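Note that the numbering used here has the sequence shown beginning at 1072, numbered continuously upward.
Some notes on the structure that comes next.
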Amino acid sequence: MAIVEIQLNRLGINSLELSTDAVDVSAGTALHVRFINHGSPTHATLRCEASAYTNFTYENIYVESEAELEIKMREEAGSGSFNMQVITGYGMRRESFTINVLKSCPTPAPEPIIFPEEPIEVPKRKRSKDLGSGTGSFAVIAIMPIIAAVILILWQYLPLNIDGLAMTIIIYLIMLAGVIIAWRSAQ
């Protein structure tokens, strides 16, 4: 049975380590891809373009601690190879390994690299009490569009001496502040 092990978040946030650069798989059998996550739950994506060898094209996997995916090779596939991409961090980290499809029995695969079980401590960020999770966070995020709407209504109905371009810039700046607050509270 051919296995590729993928270590996630072991060396830091969104880190990605593959146990091998290439793996041999016989036509008609399956490749097992095992994900081991050492950090907080994350998404990992496997992607390839190999319709001559497999029906598999794309899979986005949510990995809490461990997950395994089976990729079946076509029975009628001929000998050849293709690349499988592994993507994490919403596209920030990309690695690939080669899958060699063999028509006859494969030679024994080299032993996979076994990574040491030394946990790496990543310092946790302190969160502001105002931007924490829960309903308070929603109020902080939702207040900027409300402020922008109130200013826009007041500009329409009160005799303020502000031209349209200046008001547009003010509204955009308030909305940008809301986006920044929302982004910071998500971290």
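A virtual CB, placed ideally from N, CA and C, is assigned to each residue, including glycine.
Predicted, not measured: the structure shown is a model, and the values here were computed from it.
DSSP three-state label for residue i, please.
{"i": "Met1246", "result": "helix"}
{"i": "Tyr1228", "result": "helix"}
{"i": "Thr1239", "result": "helix"}
{"i": "Ile1251", "result": "helix"}
{"i": "Ile1074", "result": "strand"}
{"i": "Leu1087", "result": "strand"}
{"i": "Leu1082", "result": "coil"}
According to the neighbour-count rule (16 or more other Cβ atoms, all chains shown, within 10 Å of its Cβ), is residue i buried or exposed?
{"i": "Ile1142", "result": "buried"}
{"i": "Ser1136", "result": "exposed"}
{"i": "Met1215", "result": "buried"}
{"i": "Thr1159", "result": "buried"}
{"i": "Ile1240", "result": "exposed"}
{"i": "Asn1080", "result": "buried"}
{"i": "Tyr1124", "result": "buried"}
{"i": "Val1157", "result": "buried"}
{"i": "Met1163", "result": "exposed"}
{"i": "Asp1201", "result": "For Asp1201, the predicted model reports a pLDDT of 47, less than 50, meaning its position is unreliable; a value from the coordinates is still stated below. Asp1201 comes out exposed."}
{"i": "Ile1185", "result": "exposed"}
{"i": "Gly1144", "result": "For the sequence presented, residue 1144 should be read as Met rather than Gly. So Met1144 ends up on the buried side."}
Less than 7 Å between the CB of residue i and some heavy atom of the ligand ZN, yes or no?
{"i": "Glu1088", "result": "You won't find the ligand ZN in this model; it holds no ligand whatsoever."}
Could you check which residue in the options has the C-alpha nearest to that of residue i?
{"i": "Ala1121", "options": "Thr1169, Leu1089 and Glu1088", "result": "Thr1169"}
{"i": "Leu1082", "options": "Ile1240, Ile1222 and Glu1189", "result": "Glu1189"}
{"i": "Ile1074", "options": "Pro1183, Ser1167, Ile1084 and Phe1153", "result": "Pro1183"}
{"i": "Gly1099", "options": "Pro1230, Arg1165, Gly1149 and Ile1222", "result": "Gly1149"}
{"i": "Tyr1161", "options": "Thr1113, Ala1101, Met1144 and Asn1154", "result": "Thr1113"}
{"i": "Ile1217", "options": "Ala1248, Arg1105, Pro1181 and Leu1140", "result": "Ala1248"}
Please check the pair residue i and residue j, which I expect to be a contact at CB under 8 Å, by giving their CB distance rounded to whole angstroms.
{"i": "Asn1131", "j": "Thr1116", "result": "5 Å"}
{"i": "Gln1078", "j": "His1109", "result": "7 Å"}
{"i": "Arg1023", "j": "Tyr1129", "result": "A query on residue 1023 cannot be resolved here, the shown segment of the chain reaching from 1072 to 1258 and no further."}
{"i": "Ser1090", "j": "Glu1076", "result": "4 Å"}
{"i": "Ile1242", "j": "Ile1224", "result": "Actually they are not in contact, since the Cβ atoms of Ile1242 and Ile1224 sit about 11 Å apart, beyond 8 Å."}
{"i": "Asn1171", "j": "Asp1092", "result": "So it is not a contact: roughly 11 Å between Cβ atoms."}
Terminal residues of the continuous beta strand (DSSP E) containing residue i?
{"i": "Ser1136", "result": "Careful: Ser1136 lies outside any beta strand (DSSP E) and carries neither H nor E."}
{"i": "Glu1182", "result": "Element bounds for Glu1182: n/a, residue is neither H nor E."}
{"i": "Gly1151", "result": "Gly1151 to Thr1159"}
{"i": "Phe1127", "result": "Neither: Phe1127 is in no beta strand (DSSP E) and is coded neither H nor E."}
{"i": "Asp1095", "result": "Ala1093 to Ser1097"}
{"i": "Arg1118", "result": "Thr1113 to Arg1118"}
{"i": "Glu1166", "result": "Arg1164 to Leu1173"}
{"i": "Ala1101", "result": "Ala1101 to Asn1108"}
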